[in-house]
Amino acid sequence: MAKPSKLYSVLFNKCPRCGVGDFFITKSAYNLKNFDKMNKRCPHCGENLVPEPGFYQGALYMSYSFYVAFMVIYFLIFVNFFEPYLDYFLMSIIPVLIILTPYFYRLARRSWLALFIKPQDQEAVKH
Ligand SMILES: [Zn+2]
């Protein structure tokens, strides 16, 4: 297999280096007990997934940008296609954002780490 794509590993909970090992221990963002538990090292290639203490504070900026992008898109969909129901936009935006929080939390961590790690050919990282 060729180099894993960053987009793939960010979207599918994979290590940004090999694209094979899992990043968070659970597949689902809605496993309320364990959704935030990460593997400290990639179970496949051994990549350090927690490079330094406080590394993931930077992920705040990623999740902030996801929230903003999501709200803009959600709003534009309402304005363009459901204009008579704009009230529902206001009523639904807070619960929808709360429901998306665990998902964005995980997405933000994966994309933040992916900024710093180059994907590598699987054969090259196997040991
Ligand atoms: Zn890996």
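Mapping to the UniProt record's numbering: the sequence shown position 25 is 25, numbers consecutive. We treat Cβ as the ideally placed atom computed from N, Cα and C, and that holds for glycine.
| Item | Value |
| --- | --- |
| Taking 8 Å as the cut-off, does the CB of Arg-17 come closer than this to any heavy atom belonging to ligand 1? | yes |
| At a Cβ threshold of 9 Å, is Phe-55 touching chain B? | Absent from the structure: chain B. Only one protein chain is present. |
| Just to check, is the beta-carbon of Val-68 closer than 8 Å to a non-hydrogen atom of ligand 1? | no |
| Opposite Asn-48 in the DSSP bridges: which residues? | Arg-41 |
| Could you give the distance in angstroms between the alpha-carbon of Leu-97 and the alpha-carbon of Ile-73? | 13 Å |
| Hey, would you say the C-beta of Val-20 is under 8 Å away from at least one heavy atom of ligand 1? | yes |
| To which residues of the same chain is Pro-4 closer than 6 Å at the C-beta, ignoring the five residues directly before and after it? | Gly-19, Pro-119 |
| Tell me the rounded alpha-carbon separation between Ala-69 and Ser-63. | 10 Å |
| Using C-beta distances below 6 Å, list every residue in its chain close to Trp-112, excluding the 5 sequence neighbours before and after it, in chain order. | Gly-58, Ala-59, Met-62 |
| Take Val-10 and list the residues in its own chain whose beta-carbon comes closer than 8 Å to its own, dropping the five residues that flank it on each side. | Pro-16, Leu-107, Arg-110, Ser-111, Ala-114 |
| In or out: Gly-54 buried (at least 16 other Cβ within 10 Å) or exposed? | exposed |
| Excluding the five sequence neighbours on either side, which residues of its own chain have a C-beta within less than 7 Å of the C-beta of Tyr-30, listed in chain order? | Pro-102 |
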